[in-house]
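Numbering (the working numbering), first residue to last: 60 to 289.
A virtual CB, placed ideally from N, CA and C, is assigned to each residue, including glycine.
Values in this document were obtained by computation on a predicted structure and should not be read as measured data.
These notes are about the structure you will find just below.
Structure representation (structure tokens):
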């Protein structure tokens, strides 16, 4: 179900692409579990949280891969907002790889909008959330990452747990993007809610990826939302 609101003053529809944090939710293998403890002390309700910087919908900064890379708190606030586009590879299946020719085919009409944009890769693989199959997702090749860097994109998000293949220890996509200061967002959720069958792309008037401001961190959970371009 799409999570959206319509702001009457602007007639824009804002859509949330964030997976809610839940106690015991699925995490990447080897990552700390998500523990959420709901507390009540007298009249005051509080929540105690314990989780990884990569729990749920979350971002990776260069520090995630590069020892002396830029950390989350080094980015100015305007980093987290830009125009955007959802690019669909919903026809891709288990462990399929997205190559530059696939991006070129889909983006022919919107290539001039890619510089500075937030690019969200729609695979529909979040339908497997909570299953082991979630980690057998489509992913993007190094050549595709090089292509995205050449287009000047600012951020790459995916509705899967990894831009790389999750079944090996190679971080080629992460390294290629983050070495070029292209931020990575993983576990983006429910892009499918705004994509029709066969739709190649969806332009976004504005997109926001707003992480928790954690000092010296390699990443953090983030709220991802956007207004749709009509």
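Fill in: CA nearest to the CA of residue 87, picked from 247, 221, 277 and 254
In the chain shown, residue 87 corresponds to position 28, counting from 1. Ranking 247, 221, 277 and 254 by Cα distance to residue 87 puts 221 first.
Worksheet item: Going by alpha carbons, who is nearest to residue 241 out of 263, 214 and 259?
Response: The residue labelled residue 241 in the question sits at position 182 within the chain shown. Among 263, 214 and 259, the Cα nearest to that of residue 241 belongs to 214.
Discussion item. Helix, strand or coil, according to DSSP, for residue 134 in the structure here?
Written reply: For the purposes of this step, residue 134 is identified with residue 75 of the chain shown, where counting begins at 1. Residue 134: coil per DSSP, three-state reduction.
Worksheet item: Just how far apart, CA to CA, sit residue 141 and residue 101?
Response: Looking up residue 141 in the chain shown gives position 82. Looking up residue 101 in the chain shown gives position 42. One C-alpha to the other measures close to 43 Å.
Worksheet entry | Among 230, 176, 197 and 186, nearest to residue 207 - alpha-carbon criterion | Here residue 207 is taken as the residue at index 148 of the chain shown, counted from 1. Checked all of 230, 176, 197 and 186; the closest Cα to residue 207 is 176.
Discussion item. Only counting the same chain, and skipping five residues up and downstream in sequence, which positions put a Cβ closer than 7 Å to that of residue 148?
Written reply: In the chain shown, the residue the question calls residue 148 occupies position 89. Same-chain partners within the cutoff: 157, 161, 180, 181, 182 and 197.
Fill in: Neighbourhood of residue 279 by C-beta, 8 Å cutoff - its chain only, sequence neighbours within 5 removed
Taking the first residue of the chain shown as position 1, residue 279 is located at position 220. The answer, listed in chain order, is 112, 117, 118, 131, 270, 271, 272 and 273.
Item to complete: Whole angstroms is fine: what's the gap from residue 93's alpha carbon to residue 139's?
Response: Position 34 of the chain shown, counted from the start, is the residue given in the question as residue 93. Position 80 of the chain shown, counted from the start, is the residue given in the question as residue 139. Going by the C-alpha atoms only, they are around 25 Å apart.
Worksheet item: For residue 108, does the count of other Cβ atoms within 10 angstroms reach 16, so buried, or fall short, so exposed?
Response: Position 49 of the chain shown, counting from 1, holds the residue named residue 108. The residue in question, residue 108, is exposed, as its Cβ has fewer than 16 Cβ neighbours within 10 Å.
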